[in-house]
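Peer 1: Counting from 539, one number per residue, gives the positions in the sequence shown under my numbering. Quick reminder that beta carbons are idealized off the backbone N, C-alpha and C, glycines included. On a predicted model such as this, the values are computed, not experimentally measured, just so you know. Attaching a single structure in structure tokens format; questions to follow.
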Amino acid sequence: MQDQLSGLPVQQLLDRIHADLNADQAGEVADYIPELAAVDPDLFGIALVTLDGKVYQSGDSRHLFTIQSVSKPLTFGLALSEQGAATVERHVGVEPTGDAFNSISLEPHSGRPMNPMVNAGAIATTGLIKGATVTERFQRILECFSAYAGRPLTMNEAVYRSEKDTGHRNRAIAHLLRNFDMLTEDPEPDLDLYFRQCSVEVTCRDLAVIAATLANYGANPITGVEVIKLNDVEKLLSVMSSCGMYDYSGRWIYDVGLPAKSGVGGGIMAVLPGQFGLAVFSPRLDRWGNSVRGIQVCEALSRNFHLHMFRGLRSGSNVIRAKYDASMISSRRNRLPRIEKLLETHGNQTTVYELQGDLLIGTTEYVTREVIRAIDQSSTIVLDLRRVMEIDLAASQLSLIHI
Ligand code: GLN
């Protein structure tokens, strides 16, 4: 399949961006544990997965690295599905911190961590994953991550050991969370689980499939498996948008406009809802702990192809493809004389609207306004929906209210 895709424009584009940025050596690899410090800093992979499951890859997209903080939104999603939003939100907020990913800051009175994308919030979220033992709970996390990636993932034992042996700052955070009852039992097993989830190995391709699953509103576009419910996807993409790139999140969403998550292993995944998932792997990090070339790839793609999610919103006016009265309809079909007569006398009081595209809240609002205006001059309104792809439930309520 890869060979067939190699001549396609998107493949050429990814290869060109890869070639353009390949020589950039800015940034430093994470060095807080020996396993990360030893990673080849020149590794560089890009992958893009469409919602019909096409995989485009460039460079070192098949190289394994640890998922690190890209795990955080996935565990947040799992906690939401296991515990429900109310319980999860009692243990973690959804406000950006403006602080570093490992900052020791909790909400002043409640002691609740600010959001699930910084370590404090992620450890509190991991603490909510159900199961009798750490092994059982990790199995649930691993199964969940594997369903996102569409293949069985495993953990890098050496990275896990090092994370656990040296993670004193995370340990301090966990004990602080215990103090405020954000973790309700001994914090060590929860911490252990957090270190394990950070040490799961993925490729850049895996991250792009995970991102595409989120872009596909929760169903893996390759396996078809529903990994997360649409309601939870919405919550997860929201915190990725506001907090996914730590204290660079504001600039990121302003410039790139895609919900995203980075990890100190060098991975970044970005989601264009309804369109595709994108991932970059490049281990040199900036001072915020985000991959330098990862950001550059996403910026280049977003700039050149207007991927900013707020660009995707189109006006509703082109949803009406044509408007005419029924007397103007010609047909090769032989009509009964009775019908012919009916059309002749009443045809000009019957207005036909040919609609196209998606009937979302904005487009439906426009259609209802148009139709209400036409009601005065017409005895019958016909909505031709043959070219409508999707009718949003909320939008259908709107049309019921008005007509
Ligand atoms: N294991 C890392 C930590 O907890 C993950 C941080 C990250 O990827 N930003 O410090």
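So, for residue 550: in the same chain, excluding its five sequence neighbours on each side, which residues have a beta-carbon less than 8 Å away from its beta-carbon?
Peer 2: none
Peer 1: I'd like to check one pair, residue 604 with residue 736: are the Cβ atoms closer than 8 Å?
Peer 2: yes
Peer 1: For the alpha helix (DSSP H) containing residue 733, list its first residue and its last residue.
Peer 2: 725-736
Peer 1: Under a three-way DSSP split, which group does residue 889 fall into?
Peer 2: strand
Peer 1: For residue 745 and residue 755, what's the separation of their Cα atoms in angstroms?
Peer 2: 16 Å
Peer 1: Indicate the three-state DSSP secondary structure (helix, strand or coil) for residue 539 in the structure shown.
Peer 2: Confidence at residue 539 is low in this model, with a pLDDT of 48, below 50, so its placement is unreliable and the value that follows should be read with caution. In this structure, residue 539 counts as coil in the three-state DSSP scheme.
Peer 1: Check for me: the beta strand (DSSP E) holding residue 631 runs from which residue to which?
Peer 2: Unbroken run through residue 631: none, as it is neither H nor E.
Peer 1: Does DSSP put residue 778 in a helix, a strand or coil?
Peer 2: helix
Peer 1: Whole angstroms are fine: how far does the CA of residue 807 sit from the CA of residue 562?
Peer 2: 20 Å
Peer 1: According to DSSP, what are the bridge partners of residue 799?
Peer 2: 807
Peer 1: Is the closest heavy atom of the ligand GLN to the C-beta of residue 567 under 7 Å?
Peer 2: Flag unset: Cβ of residue 567 not near the ligand GLN.
Peer 1: Run through DSSP, which three-state label would residue 793 get?
Peer 2: helix
Peer 1: In the DSSP assignment, find the beta strand (DSSP E) that holds residue 582 and state where it starts and stops.
Peer 2: From DSSP, residue 582 is part of no beta strand (DSSP E); its letter is neither H nor E.
Peer 1: Going by alpha carbons, who is nearest to residue 721 out of 661, 917, 931?
Peer 2: 661
Peer 1: So, using beta-carbon positions, are residue 693 and residue 734 closer together than 8 Å?
Peer 2: yes
Peer 1: Applying the criterion that 16 or more other CB atoms from any shown protein chain within 10 Å of the CB defines a buried residue, is residue 568 buried or exposed?
Peer 2: buried
Peer 1: Do the region 693-706 and the region 763-783 meet, that is, are 3 or more Cβ pairs less than 8 Å apart?
Peer 2: no
Peer 1: Quickly, what does DSSP pair residue 815 with across the bridge? List them, please.
Peer 2: 587, 809
Peer 1: Please report the distance separating the alpha-carbon of residue 592 from that of residue 778.
Peer 2: 24 Å
Peer 1: Can you tell me whether residue 802 sits near the ligand GLN, meaning its C-beta is under 7 Å from at least one heavy atom of the ligand?
Peer 2: yes
Peer 1: Using the three-state DSSP reduction, which class does residue 670 fall into: helix, strand or coil?
Peer 2: In the three-state reduction of the DSSP assignment, residue 670 falls in the coil class, being assigned neither a helical nor a strand state.
Peer 1: My guess is that residue 764 and residue 757 are in contact by the Cβ rule of under 8 Å, so how many angstroms apart are they, rounded?
Peer 2: 5 Å
Peer 1: Drop a sphere of 10 angstroms on the beta-carbon of residue 820, count the other beta-carbons inside from all chains shown, and report buried for 16 or more, exposed for fewer.
Peer 2: buried
Peer 1: Count the other C-beta atoms from every protein chain shown that fall within 10 angstroms of the C-beta of residue 625, then say buried if there are 16 or more, exposed otherwise.
Peer 2: exposed
Peer 1: So, residue 818 versus residue 835, is the Cβ gap smaller than 8 Å?
Peer 2: yes
Peer 1: Examine the ligand GLN and report whether any of its heavy atoms sits within less than 7 Å of the Cβ of residue 639.
Peer 2: yes
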